[in-house]
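Encoded as structure tokens, the structure appears first; notes follow it.
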Amino acid sequence: MTLDGILAEAFAKAFPGIETGGVRALPATDPKFGDYQCNDALRLSKKAGMKPREAAEKVAAALDRAAFSKVEVAGPGFLNLTVNDAWLDGALARISASPSLGVKQTGAGRKVVIDYSSPNAAKQMHIGHIRSTVIGNAIDRIYRAIGYEVVADNHLGDWGTQFGILIKGYRDCLTQEERDRLTVATLEKCYVLSAAKAKEEDGVWKDACRAELVKLQQGDPENLALWRRFIDISIGEFERMYARLGIKFDTYRGESYYNAAMPGVVERLVSAGLAKESEGALVVDLSSENLGVAIVRKSDGGYNYTTSDLACVESRVAEYAPEKIIYVTDDRQKLHFAQFFAICAKTGVKTTLVHVPFGLMSYQGKAISTREGNLVRLDDLLSEARRRAFEIVKERGGDERLAEEIGYGAVKYADLSHDPATAIDFDWDKALALEGNSGPYLQYAYARVCSLMDKAGCDGSAPAPFAPRTVHERRLALALLEFPGAVARAAAAYKPYVLAEWLFQTSQAYSAFYQNTPVLKSEGTTRLSRLRLCGLFGDMLAKGLHMLGIETPRRI
RNA sequence: GGGUUUGUAGCUCAACUGGACAGAGCGACGGUUUCCUAAACCGUAGGUUCCGGGUUCGAUUCCCGGCAGACCCA
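Under this note's numbering, the first residue of the first sequence carries the number 867, and numbering increases by one thereafter.
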């Protein structure tokens, strides 16, 4: 039985008839307290009408001691638990025998759509795109790991006024050669030139841009073909980035995919009495929910994000019937999503909608933009990451491929290793850290395990019983048992950093163990059981890193 | 002006949603390679958890009022 189960029984016996609301054994905050602690007697003492300490004593008395070598009540009413060898050995054997290494397959037979990365077409990806891309992909991988069927959709910004500017610019700002060998970089330049001319006093250029846009919207074949070409070139370039990052989307459905459905969406909002005219626009009044009003059709008859997101959600529900749709975007869009979700609640959309916001990335203290001239291209960041990693890797005979695995791992880990709620200012040295709490630290720990296994001539699954007996072995063993919980918490909260933190702490426990405990030089069953512990750690580390999208080279 | 959000070591961040003496990494200082990969390990220094109240056995966490930054909406 699990420790939580044993505790639940003891609480039921000690406080019959009292709703406990789930009692848990948490890892002890300090090893001197034991292996686990339970704080729930404190929480429930009031309900039971007794002093906290007394309540804890009562639970301790009711506790089945078979799993423990020591149980004590401490402080105001903490229950400190030390598990015995038999329990620990058995728990390790069970988790190791599970194909998922104990990770609960709570998503089996269920489906989610995850919407992430979503760059604007005709622009190069820059460091500001890292967060949605990397965090979204980690959530994607974690959900797959807990058994969900995931549809990863890239909701490209592929429609809007910028295409009028682009088409005009393409025709009149580019050389024939540039038009023939069109790249995203060229498109970006073309946009900047054309947009600048659109600001001229006489307004001639601006009107021409608008005319091109109208033609595009009305389905003019030439403009439509140009637009299609811009999109294809953009996706080609994005996929080059995603390939570098090991990311694969199931679909690339941009805003344009939902164009045809938007009038219907608005009609239904009107006939349901949700949308009303206001100053020429159609709006949904959400002021009773303190969310202001959401425009669903502008006064010029155009649609906006809210409309296209509503069309998008309808389409996804109809096609996939997902349990949830998860949107990973920066937190400037919080209000937009709150409004959009509120409208979905009113129209009875049959899925759970989740917004996973993160703080915007700035660079040198300023918002990232072409105008500020502080735009660091993602391509350049990755190349710099590879270059820095190669400087170190080459001393040990590593190649470019290894430098990529390490450099890109460092970039990803830098963003995945902490709660993304706060805005961050991009810093080369922080993004590319190779030591301490970093991607390479974890990869290094993995390479050392692999090396150990190779030298031992076994893969760690040799049928030797687990028997962690030294302090360092025990600490590592206890940390390993927390793997499934870390994955579950990361998934439930949409926070990959919870998993990243487990990986780091567990790797620290491994490093300390490795430094102080001979493995290959130990003998007999001790050697075998230590190898098995190392093997389990290696398997979990690889699985966890995979969930974060970080490569696991066997040699560094 | 309204709203959201953040404030913890010099810097970057944790603290499992109210629990024990607030922990890691970087940086600083000192130590550990005849020994399984030193991208590692061990140790030292560093804190009024922005400020002031409140709630209770107990607050970095919850509530109220300020201050500061970031963003969103008029």
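No residue lacks a Cβ here, since even glycine has one placed at the ideal position from N, Cα and C.
- A contact is defined here as three or more CB-CB pairs under 8 Å, and the region 1240-1250 fails this definition with respect to the region 1071-1086.
- Of the candidates 1010, 1009, 1060, 1060 places its Cα closest to the Cα of residue 1033.
- Judged by DSSP secondary structure, residue 1115 falls outside any alpha helix (DSSP H); it is assigned neither H nor E.
- Separation of the CB atoms of residue 1126 and residue 1180 is rounded to 12 Å, and the pair is thereby denied contact status at 8 Å.
- Counting only the Cα atoms, residue 999 lies some 23 Å from residue 976.
- Closest in C-alpha terms to residue 1188, from the list 1216, 1415, 1172, 1154, comes 1216.
- Annotated three-state conformation of residue 1250 is helix, per DSSP.
- Here residue 896 is exposed, its C-beta having fewer than 16 other C-beta atoms within 10 Å.
- Taken through DSSP and simplified to helix, strand or coil, residue 1244 comes out as helix.
- A direct Cα-to-Cα measurement between residue 1420 and residue 1047 gives close to 41 Å.
- Here the alpha carbons of residue 1113 and residue 1169 stand approximately 31 Å from one another.
- Boundaries of the alpha helix (DSSP H) around residue 1129: 1128-1137.
- Rounded to whole angstroms, residue 1037 and residue 1098 show a C-alpha spacing of 18 Å.
- The C-alpha of residue 1167 is placed about 20 Å away from the C-alpha of residue 1072.
- Burial check for residue 989: the Cβ neighbour count within 10 Å reaches 16 or more, so the residue is buried.
- For the pair of segments examined, the region 964-973 was found not to touch the region 1226-1243: the number of CB pairs separated by less than 8 Å stays below three.
- Secondary structure note for residue 1292: its beta strand (DSSP E) is the uninterrupted segment 1290-1292.
- Annotated as proximal: residue 1314 and residue 1380, with beta-carbon spacing under 8 Å.
- Beta-bridge analysis with DSSP links residue 1259 to no other residue.
- Partner residues in the beta bridge of residue 1023, as assigned by DSSP, are 986.
- Inclusion of residue 1304 and residue 1274 in the CB contact set at 8 Å is not warranted, their separation being larger than that value.
- Cα atoms of residue 1401 and residue 890: separation of roughly 28 Å, rounded to the nearest angstrom.
- For residue 1172, the enclosing alpha helix (DSSP H) stretches over residues 1171-1186.
- Rounded to whole angstroms, the gap between the alpha carbons of residue 949 and residue 918 is 23 Å.
- The beta-carbon separation of residue 1289 and residue 1344, rounded to 36 Å, does not stay under the 8 Å limit for a contact.
- Ranked by Cα distance from residue 929, the options 1342, 873, 1017 are led by 873.
- Residue burial annotation: residue 1359 is exposed, with fewer than 16 other C-beta atoms found within 10 angstroms of its C-beta.
- By the 16-neighbour rule on beta-carbons within 10 angstroms, residue 1035 is buried.
- Separation of residue 1013 and residue 1065 (C-alpha to C-alpha, rounded to the nearest whole angstrom) is 52 Å.
- If you draw a straight line from the Cα of residue 1338 to the Cα of residue 955, it comes to about 15 Å.
- Cβ atoms of residue 914 and residue 944 stay farther apart than 8 Å, at about 16 Å.
- DSSP places residue 872 within a helical segment (H, G or I) once states are collapsed to three.
- Taking C-beta separations shorter than 7 Å and ignoring five residues to either side along the sequence, the partners of residue 1101 in its chain run 1118, following chain order.
- Pairing residue 1162 with residue 1209, the inter-Cα distance amounts to about 10 Å.
- Looking only at 921, 1031, 982, 1172, the smallest Cα-Cα distance to residue 1016 is reached by 982.
- When the Cα atoms are used, residue 886 and residue 871 turn out to be separated by approximately 12 Å.
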